[in-house]
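Here is the structure we will look at, set down as structure tokens.
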Amino acid sequence: MERADPQVAVYTGTFDPVHLGHLDIIERGSRIFRRLIVGVGINPEKTPFFSIEERIEMLQIVCQRFPNVEVRSFHGLAVCFVRSVGAGVMLRGLRTVSDMEYEFSMSLTNQTLDPEIETVFLMAKVEYSHLSSSLIRQIAAFGGDLSRFLPAELIPVMQKRVRQHLQLPNPGIFPNRPD
Ligand code: ADP
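Residues 3 to 181 (this note's numbering) are what the sequence shown spells out, left to right.
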């Protein structure tokens with residue numbers, strides 16, 4: 003069995019898409035731990051907005067400025083993934099009191115499954131404490147301003163995907179042609 007290194011942490015999630023709240027946890031986690039692995043969960047029962055490859059690529063784009071952060075996908079139990087990469091810590095972000103109940107039972111379950119793996123929580127920054135990927139998908143669908151929620155380099159990607167979903171013509175392809 004891999005050693006559970008307490009200086010190596012794993013931050014798991016769906017990241018559909020990664021937003022500024024996630025990125026803040028990644029940045030702070032990268033300062034606390036020697037190595038941080040962002041684990042993107044593959045759940046065959048869910049139909050995500052972005053494919054696993056797209057979610058990984060978006061994370062790689064926004065994480066490239068952190069040399070000790072890497073991005074990987076995983077199937078199955080997060081705690082097994084943590085152990086398989088030799089990490090000793092599961093890093094989680096806490097937004098509101100309502101997150102607490104779910105996170106509390108998750109961390110107790112993970113502790114039962116693997117007592118050597120610790121869960122470490124970081125409180126979300128106040129400006130991101132109501133932010134979720136589903137909220138961002140809704141704002142994008144209604145053409146709202148994403149600049150305070152999404153990393154700048156992902157805004158065009160998000161807008162493009164929304165247009166694909168709504169099957170709207172892409173005004174960026176033939177900007178000079180009258181429709
Ligand atoms: P999951 O499907 O596991 O909820 P998410 O991608 O929504 O996946 O979240 C992954 C992790 O990021 C979780 O620990 C979650 O609590 C945390 N998180 C989500 N949104 C925020 C936010 N706005 N600020 C800080 N942490 C967050």
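Even glycine gets a Cβ: it sits at the ideal position worked out from N, Cα and C.
Between residue i and the ligand ADP, is there a pair consisting of the residue's CB and a ligand heavy atom that are separated by less than 7 Å?
i, result
"Ser100", "no"
"His77", "no"
"Leu156", "no"
"Gly15", "yes"
"Ile2", "What is shown of the chain runs 3 to 181, which leaves residue 2 out entirely."
"Gly41", "no"
"Arg150", "no"
"Ala126", "yes"
"Leu115", "no"
"His24", "yes"
"Leu38", "no"
"Arg139", "no"
Who are the near neighbours of residue i in its chain, counting only those whose CB is closer than 8 Å to its CB and skipping five residues on each side?
i, result
"Asp2", "Not covered by the structure: residue 2. The range shown for the chain is 3 to 181."
"Phe156", "The sequence shown places Leu at residue 156, rather than the Phe named in the question. Taken in chain order, the residues that qualify are Pro19, Val20, Met60, Ile63, Val64."
"Ile39", "Val10, Ala11, Val12, Tyr13, Val71, Glu72, Val73, Arg74, Val87, Ala89"
"His132", "Arg97, Thr98"
With a threshold of 7 Å on Cβ separation, who are the neighbours of residue i within its own chain once the five nearest residues in sequence on each side are excluded?
i, result
"Arg30", "Leu124"
"Met102", "Leu96"
For residue i, collect the residues of the same chain with a Cβ closer than 6 Å to its Cβ; drop the 5 residues on either side in sequence, then sort them by chain order.
i, result
"Pro50", "Asp18"
Report the residue ranges of all beta strand (DSSP E) runs contained in full by the segment 13-39; include only those spanning at least 3 residues, in chain order.
-> none
Should the segment 97-105 be regarded as contacting the segment 68-80, the criterion being three or more beta carbon pairs within less than 8 Å?
-> no
What are the start and end residues of each continuous beta strand (DSSP E) run of 3 or more residues lying completely inside the segment 109-178, in chain order?
-> 120-125
Could you give the uninterrupted runs of the beta strand (DSSP E) lying entirely in the segment 43-99, keeping only those of 3 residues or more?
-> 71-77, 89-96
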